[in-house]
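Okay, structure first, notes after.
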Amino acid sequence: MKKEIFLCAINNILSGTCLEDCKFCTQSVRYHADIERYNYKSIDTIVQEAKKAKSYGALGYCLVTAGKGLDDKKVDFVARASQAIKAEVDNLNLIACNGTASIEQLRYLKEHGIDSYNHNLETSEDYYATICTTHSWSERYETCQNAKSVGLQLCTGGIFGMGETAEDRTSLLNAIASLNPESTPLNFYHPNKALPIKSRNISKEEALLIVSRARKLLGEEKLLMVAGGRELLFEGSEELMFEAGANAMVIGNYLTTTGDAPLKDKKMLEKLGYGVAVSCHG
Ligand code: SF4
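Count along the sequence shown from 1, then add 369; that gives the number in the working numbering.
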């Protein structure tokens with residue numbers, strides 16, 4: 370076996386209701402993208418979906434809510450969902466991804482079973498104002514610091530191919546590394562005709578370079594995940610992204626786009642000679 374790949378599944382538990390203007394995001398209500406929009410799923414549904422993800426080999430399970438950040442209602446809901454999952458599913462690393470968050474909110478989530486907080490820097494500090502005007506990059510960076518300060522594992526990464534320059538890519542990778550995250554998702558922009566960013570300015574070769582640079586900057590022991598956009602760039606040549614340094618991937622659907630079926634992904638890993646990790650702690 371070559372190496373073990375960590376599988377992570379995403380559950381969009383509150384979808385498509387965000388008032389912010391991130392130009393890459395179909396969940397913003399401003400762009401009227403044709404996606405499913407709904408209020409909170411029931412906790413029972415979330416637990417059943419977590420069991421299913423676990424049965425497909427997921428070790429990480431991410432509870433995502435649309436919106437700029439946590440408020441009292443959201444923090445309470447995510448905490449209850451987390452407790453319910455932990456009571457019924459063993460050995461699942463629970464990740465919350467709920468936007469901007471204070472130290473108090475993050476501490477509360479940790480006390481209720483959340484292991485890790487995902488908050489992506491998205492792009493470089495300089496380019497951020499071009500892709501979002503309703504909140505700042507520094508707020509994002511601060512939330513990442515808050516997560517670390519309460520002892521949550523930090524999962525932070527970004528999206529490449531949104532019109533940024535090579536310098537922006539370097540700056541983003543350095544900023545991610547400066548936070549010393551436990552895991553890093555690398556997303557590659559998925560164009561949608563409703564969104565202001567119309568095309569993706571990144572090739573497979575450039576994406577592979579980003580994967581290998583991220584691996585060098587983050588160190589060998591960290592999780593480096595190719596997340597959104599994987600199917601668009603690497604379908605049929607996944608081995609290249611693993612050879613470049615990726616050791617994790619998302620199975621199942623993304624937030625608003627469809628991923629490869631989990632069983633197809635497992636077969637792909639088997640065929641390429643990779644194992645599926647069964648523990649987050651080696
Ligand atoms: S804040 Fe989050 S959910 Fe809202 S538009 Fe930006 S990326 Fe999308």
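The beta carbon of each residue, even a glycine, is placed where N, CA and C say it ideally should be. All of these numbers come straight from a predicted model, not from anything done at the bench.
Between residue i and residue j, which are expected to be in contact by the criterion C-beta below 8 Å, what is the C-beta distance as a whole number of angstroms?
i, j, result
"Val-519", "Glu-457", "Not a contact, Cβ separation roughly 25 Å."
"Glu-353", "Ile-528", "Outside the shown range of the chain, which is 370 to 651, sits residue 353, and nothing can be said about it."
"Leu-564", "Phe-375", "That pair is no contact at about 30 Å."
"Leu-548", "Ser-493", "Not confirmed; about 14 Å, so no contact."
"Gly-526", "Asn-556", "7 Å"
"Tyr-486", "Ala-453", "At roughly 19 Å, the Cβ-Cβ gap does not stay under 8 Å, so Tyr-486 and Ala-453 are not in contact."
"Gly-482", "Lys-455", "4 Å"
"Ala-470", "Asn-543", "Going by Cβ atoms, the distance from Ala-470 to Asn-543 rounds to 23 Å, so no, they are not a contact pair."
Cα separation between residue i and residue j?
i, j, result
"Asn-489", "Lys-479", "19 Å"
"Ser-568", "Ile-379", "25 Å"
"Gly-614", "Leu-593", "7 Å"
"Thr-499", "Lys-633", "37 Å"
"Glu-405", "Asn-622", "13 Å"
"Ile-412", "Ser-552", "26 Å"
"Ile-571", "Arg-538", "11 Å"
"Cys-513", "Cys-431", "16 Å"
"Val-347", "Ser-397", "Any property of residue 347 remains undetermined from this structure, which presents the chain solely from 370 to 651."
"Lys-652", "Ser-451", "No statement about residue 652 is possible, as the shown extent of the chain runs from 370 to 651 and does not include it."
"Gly-429", "Lys-591", "14 Å"
"Ser-424", "Tyr-407", "26 Å"
"Lys-636", "Gly-642", "10 Å"
"Leu-601", "Phe-611", "16 Å"
"Gly-385", "Asn-561", "14 Å"
"Gly-651", "Glu-373", "Legend: pLDDT at Gly-651 = 43, less than 50; position of this residue unreliable, value from coordinates given subsequently. Between Gly-651 and Glu-373, the C-alpha separation is close to 9 Å."
"Leu-577", "Leu-609", "7 Å"
"Lys-410", "Ala-617", "27 Å"
"Cys-387", "Thr-434", "9 Å"
"Ser-648", "Asn-462", "9 Å"
"Gly-530", "Thr-502", "19 Å"
"Pro-631", "Gly-588", "28 Å"
"Arg-599", "Cys-377", "13 Å"
Per DSSP, residue i forms a beta bridge with which residues?
i, result
"Gly-644", "Glu-373"
"Asn-556", "Ile-528"
"Leu-463", "Tyr-430"
"Val-619", "Cys-377"
"Glu-491", "Gly-527"
"Thr-469", "Gly-438"
"Tyr-407", "Ser-384"
"Tyr-497", "DSSP, once it has assigned bridges, lists no residue as partnering Tyr-497."
Let me know the secondary structure DSSP gives residue i once reduced to three states.
i, result
"Cys-394", "coil"
"Glu-574", "helix"
"Leu-383", "strand"
"Val-519", "coil"
"Val-458", "coil"
"Leu-586", "helix"
"Leu-593", "strand"
"Ser-606", "coil"
"Tyr-486", "strand"
"Glu-551", "coil"
"Gly-651", "Low confidence applies to Gly-651: its pLDDT is 43, below 50, so where it sits in the model is not reliable, and the reading given next is rough at best. Gly-651 falls in the coil class under three-state DSSP."
"Arg-569", "coil"
(request) Decide yes or no for the touch test of the segment 438 to 447 against the segment 471 to 487: beta carbon pairs closer than 8 Å, at least 3 of them. (result) yes
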